[in-house]
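Colleague: Residue numbers (our numbering): 278 to 490.
By construction, the Cβ of each residue, glycine as well, lies at the ideal position given by its N, Cα and C atoms.
None of the values given here were measured: they were computed from a predicted structure.
A single structure is presented below for examination.
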């Protein structure tokens, strides 16, 4: 985790996400320009000190709007807002989790994780506190099922599990049905990042549609 308080992460997303993301950010950048043109942010005919105060106030307003999800013109703000909303909806935002152990940070997939065919990557710089919260929450809710999946593997060494979703667990039988039931309770960091980016894009698009009206 970065000592500067920022953690660089890579989110693997579905094909087409980057194009949609780029378009949403461009619309938000245009919206920022429009907002900055309001009379209250103009510095014409002001003294240097007064102009400096106005510019500082504008920067404070930009930070406020980004945190509130009112302006999502940069990828990190968009992602953090969406991730925060995802954690809120899951009831994890205010819940306290133990710090994830070292094994949660090891390279490789967690047992029960899926290969969803994510062909595109999005580079993010998240506040380290937010990145740690996601990891701790994912591990805290998934660890009991990861343990049971490891036991399942010991009991079923010859069963090959497809990398993608297995389908409706009600239609499965035998060991694979048990595997699917357990895997359904495993939430990875990537799951949260993808959901957060998706939510952020949706919010940015909604803001753009309201502005267009």
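1. Taking the alpha-carbon of residue 337 as reference, which of 322, 326, 318, 324 has the nearest alpha-carbon?
2. DSSP on residue 371, reduced to helix/strand/coil?
3. In whole angstroms, what separates the C-alpha of residue 474 from that of residue 457?
4. Between residue 388 and residue 427, which are expected to be in contact by the criterion C-beta below 8 Å, what is the C-beta distance as a whole number of angstroms?
5. Identify, in the order they occur along the chain, each residue of the same chain with its Cβ nearer than 7 Å to the Cβ of residue 433, setting aside the five sequence neighbours on each side.
6. To the nearest angstrom, how far is it from the Cα of residue 298 to the Cα of residue 308?
7. Tell me which residue opens and which closes the beta strand (DSSP E) that residue 310 is part of.
8. Do the segment 344-355 and the segment 300-316 touch if we need at least three Cβ pairs shorter than 8 Å?
9. Nearest-angstrom Cα distance between residue 294 and residue 284?
10. I'd like to know if residue 282 contacts chain B, where contact means its C-beta is closer than 7 Å to some C-beta of that chain.
11. Which same chain residues, not among the five before or five after residue 370, have their C-beta less than 6 Å away from its C-beta?
12. For residue 361, which of 481, 477, 328 has the nearest alpha-carbon?
13. Around the C-beta of residue 390, are 16 or more other C-beta atoms found within 10 angstroms, so that it is buried, or is it exposed?
14. In the structure shown, what three-state DSSP assignment does residue 287 receive?
15. Under the rule that 16 or more other beta-carbon atoms within 10 Å means buried, what is residue 330, buried or exposed?
Modeller: Looking at the coordinates:
1. 318
2. coil
3. 26 Å
4. 6 Å
5. 452
6. 15 Å
7. Careful: residue 310 lies outside any beta strand (DSSP E), inside the alpha helix (DSSP H) at 294-313.
8. yes
9. 22 Å
10. In the displayed structure, chain B is absent; only one protein chain is listed.
11. 364
12. 477
13. buried
14. strand
15. exposed
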